[in-house]
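Novice: Position in the sequence shown (first residue = 1) + 7 = the numbering used here. Got a structure here, written out as structure tokens. Questions coming.
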Amino acid sequence: MKSNELITWEVEGKERKHFDYQYQPPTGRRNTRKYQYVQWGDVEHHWHGGFLQTRGFKPVIPGVTREWLLGVYREELSSEFQPEELDQLGDRDGDIVTDLLRTWREDFNTSVYSDPRYVFEAVSCGLNVTGMLTGSKLRNASPILHTLMWWDHLDYTPESLIDVGAGIGLSSIWFAYFMPTTQVYTSESNEASTRLIECVRDKLQLPNLHIGDNLETYDCGVFFEVVEHIQSDYDSATGAPFPWLDAYLERINTNFVYSTYWSKNEISVGHFDRYDFGNGPLDAPLGWGRKFHKEIVKRGWDHDRRHDFYGSLPNVFWKKRLGQTQA
8 MKSNELITWE VEGKERKHFD YQYQPPTGRR NTRKYQYVQW GDVEHHWHGG FLQTRGFKPV
68 IPGVTREWLL GVYREELSSE FQPEELDQLG DRDGDIVTDL LRTWREDFNT SVYSDPRYVF
128 EAVSCGLNVT GMLTGSKLRN ASPILHTLMW WDHLDYTPES LIDVGAGIGL SSIWFAYFMP
188 TTQVYTSESN EASTRLIECV RDKLQLPNLH IGDNLETYDC GVFFEVVEHI QSDYDSATGA
248 PFPWLDAYLE RINTNFVYST YWSKNEISVG HFDRYDFGNG PLDAPLGWGR KFHKEIVKRG
308 WDHDRRHDFY GSLPNVFWKK RLGQTQA
């Protein structure tokens, strides 16, 4: 291939057809310096044929912005923290979050999850990592945006969904708002974070958003920035998602979605330096995700690789195929 030639969908061996419409000629193309993105109507695909985005898909909740949410949070927490402390909400480099990280890295004591200040970490993670909220928009790499876009593309709407480790519940709120027929349940152990979910839920009047793990089974389980937070029972510096996760997977009927930045362990409160997925601890961050995915597949879940999201998040697994051809 010439150095100035774009990598395109038609490159031999790369023209994977995950969807029936890909057997038809593309309706358009978009060139960048290196790649040519193929388009069918509003749907855009990366060079290897994986779904990338639906152009114009921007799930915005009217009146809900980053600053509006911070105002709600500050008001709810005003009796517990000083104004100068509340000014740090949403700041990943604020003194409170920095101190929580320093304390966590000393001995990986999970009592940090019960620290009243942990709500600052939850707000920071929710706004900057899971939601990636700028103004009223979820940024292009947001796992929430990707999940909604992918489900919309597949025409998948679960009847029930549990958001485990919901934090401040941005994912729960966006799911409940944009899927009003889905009953969304939040599972969150931090009391202050749960209060923030309730405040926003009540202000937006979302009757399908419920607090607590209240059903025996769910169609779908969403785990954003949580599977990496479970400590092993034999070493404080080692994380162990299983068997904690198995207890949830056994109750989920169709769809399992998760996201985390495994390699951010040194700069993230609640992340460990080693992970044990059932065969002993591993200390190589770049291999943690692959090993975790293999263990999920062993448990009877199909890893959906038909999409190629910016940032590669979230990861989507299906217990039952939906009828579309999977790679």
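The C-beta atom is built at its ideal place from N, Cα and C for all residues, glycine as well.
Using the C-alpha atoms, what's the distance from W181 back to G48?
Specialist: Straight-line Cα distance between these residues: approximately 25 Å.
Novice: Return the CA-CA distance between R109 and E273, expressed in angstroms with no decimal places.
Specialist: R109 and E273: Cα-Cα distance of roughly 10 Å.
Novice: By the DSSP assignment, the alpha helix (DSSP H) with L256 in it spans what residues?
Specialist: Segment W251 to L256, the alpha helix (DSSP H) holding L256.
Novice: For G142, is the classification buried or exposed, using 16 other Cβ atoms within 10 angstroms of its Cβ as the cut-off for buried?
Specialist: So G142 ends up on the exposed side.
Novice: Looking only at C-alpha atoms, which of N260, Q31 and V233 sits nearest to T267?
Specialist: Taking only the C-alpha atoms, the option nearest T267 is V233.
Novice: Mind the definition here: the segment 277-297 touches the segment 237-250 only if three or more C-beta pairs lie below 8 Å; say whether that holds.
Specialist: Counting Cβ pairs under 8 Å, three or more are found: they touch.
Novice: My guess is that N135 and R99 are in contact by the Cβ rule of under 8 Å, so how many angstroms apart are they, rounded?
Specialist: Sure, about 6 Å apart at Cβ, within 8 Å.
Novice: So, under 8 Å CB-CB, Q190 and E223 are touching, yes? Tell me the CB distance rounded to an integer number of Å.
Specialist: About 13 Å separates the two Cβ atoms, so there is no contact after all.
Novice: If you draw a straight line from the C-alpha of W308 to the C-alpha of T34, how long is it?
Specialist: When rounded, the distance between both Cα atoms is 34 Å.
Novice: If we count the other Cβ atoms within 10 Å of its Cβ and call it buried at 16 or more, is Q43 buried or exposed?
Specialist: Buried: at least 16 other Cβ atoms inside 10 Å.
Novice: Could you tell me whether the Cβ atoms of G277 and T117 are closer together than 9 Å?
Specialist: Yes.
Novice: So, helix, strand or coil for W165, using DSSP?
Specialist: In the sequence on display, residue 165 carries Pro and not Trp. Here P165 sits in coil by DSSP.
Novice: Residue ranges of each beta strand (DSSP E) run of no fewer than 3 residues wholly in the segment 114-185, ordered along the chain?
Specialist: If we require 3 residues or more, the beta strand (DSSP E) runs fully inside the segment 114-185 come out as 167-171.
Novice: Taking contact to mean at least 3 C-beta pairs separated by less than 8 Å, is the segment 256-267 in contact with the segment 209-228?
Specialist: Enough Cβ pairs lie closer than 8 Å, so yes.
Novice: Measure how close the beta-carbons of F26 and D159 come, nearest whole angstrom, since I'm counting them as under 8 Å.
Specialist: Not quite, the Cβ-Cβ distance comes to about 14 Å (not below 8 Å), so this is no contact.
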